[in-house]
Amino acid sequence: MTPPQASGYVHATALVLGEFGLLLRGPSGAGKSALSIQLVADWRARGAFAALVGDDRVALEARHGRLIARPHPSIRGMIEARGLGLMRVAFEPACVLRAVVDLLASGESPKRYPDADEATTRLSGVTLPRMFENAANVGAAARIAAYIQYVVTN
Numbered sequence: 001m002t003p004p005q006a007s008g009y010v011h012a013t014a015l016v017l018g019e020f021g022l023l024l025r026g027p028s029g030a031g032k033s034a035l036s037i038q039l040v041a042d043w044r045a046r047g048a049f050a051a052l053v054g055d056d057r058v059a060l061e062a063r064h065g066r067l068i069a070r071p072h073p074s075i076r077g078m079i080e081a082r083g084l085g086l087m088r089v090a091f092e093p094a095c096v097l098r099a100v101v102d103l104l105a106s107g108e109s110p111k112r113y114p115d116a117d118e119a120t121t122r123l124s125g126v127t128l129p130r131m132f133e134n135a136a137n138v139g140a141a142a143r144i145a146a147y148i149q150y151v152v153t154n
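What follows is the structure, given as structure tokens:
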């Protein structure tokens with residue numbers, strides 16, 4: 001049996017879209033929470049399951065070659081909406097992460113053709129596919145949805 005390998009808490013937002021666990025990382029103010037709210041709303045509008053796992057502080061734990069995300073106990077079920085403050089939302093207690101989206105700082109754009117070595121990231125000994133996005137760019141949620149479909153089918 002593979003022992004769990006905890007990496008502690010990371011500054012990120014985790015959500016589950018359908019059966020797909022996604023981790024959004026980025027600097028403060030990059031739009032992690034707002035993009036998560038948009039992604040969950042988009043998936044639910046299509047009739048698919050979608051929920052927050054954790055916002056701002058997410059625990060990561062490697063188990064049996066998978067990376068599990070859990071919310072921080074003191075803020076589980078809460079997400080920050082700028083201009084509104086903390087909002088209570090439905091949440092899942094954990095998810096298996098399938099990919100990472102690294103959000104860029106304001107004014108930055110993803111490379112048109114990313115380098116192959118940037119296509120993955122390693123967290124707690126688990127390698128996951130990764131994409132870069134700017135949450136402020138028009139179509140960010142749609143590109144992430146397309147990326148999820150790409151990861152699922154490849």
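So the sequence shown is numbered by the UniProt record's numbering: it starts at 1 and just counts up by one.
No residue lacks a Cβ here, since even glycine has one placed at the ideal position from N, Cα and C.
key: Straight-line Cα distance separating D115 from V101   = 15 Å
request  = Please state whether DSSP places Y9 in a helix, a strand or coil.
outcome  = strand
key: Straight-line gap, F49 to R112 (C-alpha atoms, nearest Å)   = 31 Å
query = What do you get for A30, buried or exposed, if any count of 16 or more other CB atoms within 10 angstroms of its CB means buried?
reply = buried
message = Pairs of beta-carbons, one from the segment 39-47 and one from the segment 58-67, closer than 8 Å: are there three or more?
response = no
request  = Leaving out five residues on either side along the sequence, give the residues of the same chain with a beta carbon under 7 Å from the beta carbon of R44.
outcome  = Around R44: A50.
inquiry  = Rounded to whole angstroms, what is the Cα-Cα separation between M78 and N154?
reply    = 33 Å
ask   = Are three or more beta carbon pairs between the segment 82-90 and the segment 18-27 nearer than 8 Å?
value = Not touching, per the Cβ criterion.
key: Selection from A141, I148, V151, Y150 that minimises the alpha carbon distance to S33   = Of the candidates A141, I148, V151, Y150, the residue whose Cα lies closest to the Cα of S33 is A141.
ask   = Rounded C-beta distance between A94 and A135? I'm assuming under 8 Å.
value = Rounded, the Cβ-Cβ distance is 24 Å, inconsistent with contact.
message = Helix, strand or coil for P93? Go by DSSP, reduced to three states.
response = coil
key: CB-CB length for R66 against V96, believed under 8 Å   = That belief holds up - the Cβ atoms of R66 and V96 are roughly 5 Å apart, short of 8 Å.
Proximity to V126 [Cα-Cα], best of A99, D117, Q149, I144 = A99
Contiguous beta strand (DSSP E) assignments of at least 3 residues, all confined to the UniProt domain "HPr kinase/phosphorylase C-terminal" (9-89) = 20-25, 50-54, 57-63, 66-71, 78-81, 85-88
ask   = Could you check where the alpha helix (DSSP H) with V152 kicks off and where it finishes?
value = 140-153
query = So, are the CB atoms of S36 and T13 less than 8 Å apart?
reply = yes
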